[in-house]
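Protein sequence lines, in the order shown, are assigned to chains A and B. For the first sequence, this note's numbering gives the first residue as 403, with consecutive numbering after it. For the second sequence, this note's numbering gives the first residue as 403, with consecutive numbering after it.
2 protein chains.
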Amino acid sequence: MSGVTIYDVAARAGVSIKSVSRVLNGERNVSEALRGKVQAAVDDLGYRPSLSARGLAGASSYLIAALVDADLTVEHWRSGRGNDYLSRMELGALMECRHAGYHLLVELVDVASPNLEREMLAMISSLRPDGLILTPPVSDCSVVLDALDQRGAVYVRLGAEAELSRGRRVYMDDRRAAYDMTVHLARLGHKDIGFIIGSPRYAASRLRREGFETAMQRHGLAVRPEWVLEGDFTFQSGLECGARLLAREPRPTAVFASNDDMAFGVLQAAVRQGLSAPADLSVVGFDDAPGAQFSAPQLTTVRQPVAEMAEAATRMLIAIAQNKSDASVERVHQVGYTLIARESSAPPPARRAAAN
Amino acid sequence: MSGVTIYDVAARAGVSIKSVSRVLNGERNVSEALRGKVQAAVDDLGYRPSLSARGLAGASSYLIAALVDADLTVEHWRSGRGNDYLSRMELGALMECRHAGYHLLVELVDVASPNLEREMLAMISSLRPDGLILTPPVSDCSVVLDALDQRGAVYVRLGAEAELSRGRRVYMDDRRAAYDMTVHLARLGHKDIGFIIGSPRYAASRLRREGFETAMQRHGLAVRPEWVLEGDFTFQSGLECGARLLAREPRPTAVFASNDDMAFGVLQAAVRQGLSAPADLSVVGFDDAPGAQFSAPQLTTVRQPVAEMAEAATRMLIAIAQNKSDASVERVHQVGYTLIARESSAPPPARRAAAN
DNA sequence: GTGAAAGCGCTAACAA
DNA sequence: TTGTTAGCGCTTTCAC
């Protein structure tokens with residue numbers, strides 16, 4: 403029952419297997435008559451070529467592999483929480499694979515492994531994916547890039563921020579988004595703005611911080627070192643940093659956390675100190691996490707179009723796989739972001755008082 | 403550069419390719435000496451067998467395919483939101499694939515397609531996965547099950563609630579969880595409890611409703627038909643149902659929404675009517691969505707161990723693939739749930755007043 | 001424009 | 001315990 407092969411199709415259509423193969427792969431120099439016969443046989447039999455056989459015989463595997471950081475995955479798994487970035491990335495990649503007849507494989511990469519290079523090489527030779535999507539922080543791991551380059555693998559780096567000239571990239575301007583967010587706070591009248599840095603594991607953390615600092619300078623606002631704390635992108639770290647920030651005297655009138663989870667933590671810290679947001683303290687985040695629209699108050703944040711990024715990346719990968727000449731495919735693709743102003747950001751208390 | 407094959411390893415170890423194959427597959431009847439030689443050659447060369455070649459020649463593909471509803475994916479993609487269930491499921495599956503040397507493939511399934519059977523058969527013959535993980539609502543689609551059975555494919559249905567005797571299942575007791583949640587409200591003193599049914603697309607919706615109704619009856623509480631509304635698991639539908647529910651006179655003192663997104667909607671509807679939760683109205687959900695701990699008030703809900711379910715499913719699949727005799731592997735695996743009482747559920751206003 | 005034959009890199013029978 | 005041989009179902013030369 404299991405196997406209708408190219409031979410069955412060829413026999414039914416009364417042609418050679420090579421002709422079936424030609425039709426399947428949309429090659430030129432195939433007469434309409436032949437194409438019709440073959441297509442009919444394919445439909446009758448419900449035939450679909452074996453991925454393994456194609457991969458073994460030909461140059462394409464019709465596989466796109468998404469590389470995901472293993473540590474992160476374990477962390478999420480342990481904490482019982484999902485990974486919003488992962489699912490959004492996949493949605494985009496799947497949408498694009500869907501029509502092109504490609505398949506999406508998700509692979510864990512242990513960036514800290516001492517055998518990383520070897521593992522990457524092994525993965526490539528075992529899977530032979532037509533393209534790879536590198537998610538952060540894997541997209542900034544030079545060992546991974548070296549291994550892929552060594553094998554001539556085609557990849558797109560998502561949100562990459564290091565070694566910008568290597569490979570293809572799809573990214574958004576984190577620095578500028580953070581700049582805009584800071585300006586948003588400044589325009590509301592905030593002068594005393596605290597900042598919580600993200601995990602150093604992500605290159606984006608640095609950029610967000612730079613965007614913040616640049617904006618502060620341009621607006622003549624002082625960046626107080628004691629108001630710039632380092633978190634690790636978790637709620638807990640946001641809670642701790644928030645508590646420290648709000649315990650100081652004087653304390654900032656606004657806090658910009660490098661991601662939403664930390665912003666939620668700051669919000670919580672504010673509540674514990676008897677502060678109400680945004681009346682006493684404005685809090686803004688970054689990511690537009692699933693909870694951002696349900697938090698109290700709803701969180702002002704930056705939305706990164708992750709699905710669109712993955713779509714673009716997958717489209718590039720498939721184009722290269724099909725064109726054979728990858729020269730025509732763009733090397734860098736920038737996507738836009740959206741600053742979503744919700745309830746958690748408002749004018750500072752002083753300004754409010756003055757306005758009364 | 404790309405291809406170190408089994409021949410290279412055999413040559414280097416001074417043995418036949420069959421011996422290499424034996425060592426690779428951990429077959430018995432291999433001397434330690436031979437195993438050592440082969441392993442050394444494998445390590446030296448950084449060899450890893452080609453998935454395609456293995457799949458083509460042998461019975462195993464080392465592929466686990468996760469079947470995901472295409473409509474849902476498109477919806478999430480359109481709305482720019484992630485899919486928490488998907489990512490949690492994958493975390494679990496990946497954790498389990500990881501050590502066993504299996505790979506996870508994510509496939510979209512269009513349950514509404516007129517050619518669904520054909521598409522499923524084609525997918526199977528093209529991919530030949532060693533096992534399939536069916537996520538809801540695909541896990542309850544009989545056309546899919548028929549196609550898989552016809553091909554003798556091995557699958558595990560996640561959260562399946564229909565045709566319980568078919569195939570293997572990993573699930574949690576939705577009915578009982580909903581029962582418990584209803585009891586939770588009853589114990590707080592609520593007698594007037596509204597309910598929002600989930601999307602009929604999911605079999606779990608029916609079970610949650612049944613759990614609610616059974617609990618109400620057992621506690622001598624009336625289920626008022628006008629307080630039982632049908633939503634579709636979206637925030638918007640929760641908002642609408644909530645508005646309708648709260649506009650009535652008398653109105654319930656508690657609302658049990660079949661999932662968290664709808665519960666968030668009810669919370670929002672309460673705010674718009676000038677009601678404060680949980681003082682005026684208790685609201686509870688189901689799922690423990692990412693926003694549940696950040697909402698205002700934090701949401702009382704039921705946590706489903708999705709990652710653990712996927713882990714168990716993957717473990718079953720791999721065990722079957724390796725044992726060849728699938729008889730020893732359990733057919734049904736039930737996982738526990740956790741009722742998480744947060745801030746959104748509290749005694750009803752009357753009770754509070756009486757207590758004063 | 002079409003077909004015949006030769007592999008791709010493995011596993012599976014079957015010998016030895 | 002180990003090796004030999006024959007495919008698995010395709011794509012790729014290379015003829016015609």
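Backbone N, C-alpha and C define an ideal beta-carbon position, used for all residues, glycine too. A quick note: this is a predicted structure, and the numbers were derived from the prediction, not measured.
Residue burial is scored here from C-beta neighbours: K439/B has at least 16 other C-beta atoms within 10 angstroms and is therefore classed as buried. The beta strand (DSSP E) runs lying completely inside the stretch 480 to 536 of chain A and spanning 3 residues or more are 505 to 511, 533 to 536, given in chain order. In the DSSP annotation of this structure, the continuous segment of the beta strand (DSSP E) that includes S684/A starts and ends at 684 to 686.
For Q736/A, the pairing in a beta bridge is given by DSSP as Y573/A. Residue burial annotation: D486/A is buried, with at least 16 other C-beta atoms found within 10 angstroms of its C-beta. For a Cβ distance threshold of 8 Å, residue set S527 of chain A lies close to V406/B, ordered along the chain.
Pairing G640/B with G633/B gives a Cβ-Cβ distance under 7 Å. Here the alpha carbon of S462/B sits roughly 28 Å from the alpha carbon of A413/A. DSSP, read as helix, strand or coil, puts S454/A in helix. Distances from the CA of V686/A to each of L647/A, L669/A, A729/A were compared; the closest alpha carbon is that of L669/A. CA-CA distance, R626/A to G676/A, rounds to 24 Å. Contacts between L510/B and chain A, judged by CB atoms closer than 7 Å, involve L496, R500 in chain order.
In this structure, DSSP gives S697/A an extended state, which the three-state scheme calls strand. The C-alpha of D690/B lies about 21 Å from the C-alpha of S541/B.
Looking from the CA of Q700/B, the closest CA among T716/B, S747/B, A714/B, M497/B belongs to S747/B. In the displayed model, R653/B falls within coil according to three-state DSSP, outside both helix and strand.
Within the DSSP bridge table, the entry for D471/B names V511/B as partners.
The closest CA to that of R456/A, considering only S527/B, L623/B, P749/B, is found on S527/B. Contact of A645/B with chain A is not assigned, every C-beta pair being separated by 7 Å or more.
The Cβ-Cβ distance between Y504/B and I466/B falls below 7 Å. Each residue's CA atom was taken as its position, placing E434/A and V425/A some 10 Å apart. According to the DSSP assignment, G596/A belongs to the beta strand (DSSP E) that extends over 595 to 599. Only residues of its own chain outside the window of five on either side were considered, and among them V731 have a CB closer than 7 Å to the CB of A721/B, listed in chain order. In this structure, A564/B keeps its C-beta atom at 7 Å or more from the C-beta atom of L523/B. Considering only beta carbons, the part of the stretch 481 to 495 of chain A lying closer than 8 Å to chain B consists of G482, R483, G484, N485, D486, Y487, L488, S489, R490, E492, L493, G494, in chain order.
For the set G561/A, V545/A, G667/A, the Cα lying nearest the Cα of H735/A is the one of G561/A. Think of a sphere of 9 Å around the beta carbon of G693/B: the chain A residues whose beta carbon falls inside it are A691, P692, G693, A694, Q695, F696, S697, in chain order. When DSSP states are grouped into helix, strand and coil, V630/B belongs to the strand group. Going by C-alpha positions, A656/B is about 9 Å away from P749/B. CA-CA distance, N517/B to S601/B, rounds to 24 Å. A direct Cα-Cα distance of roughly 31 Å separates R568/B from E509/A. Counting C-beta pairs with one atom in each stretch, the stretch 441 to 450 of chain A and the stretch 468 to 488 of chain A have fewer than three that are closer than 8 Å, which means they do not touch. The DSSP-derived three-state label of V432/B is coil. Around the Cβ of E642/A, a 10 Å sphere holds 16 or more other Cβ atoms; the residue is buried. Between the alpha carbons of L493/B and T537/A lies a gap of roughly 15 Å. Under the three-state reduction of DSSP, R608/A is assigned to helix.
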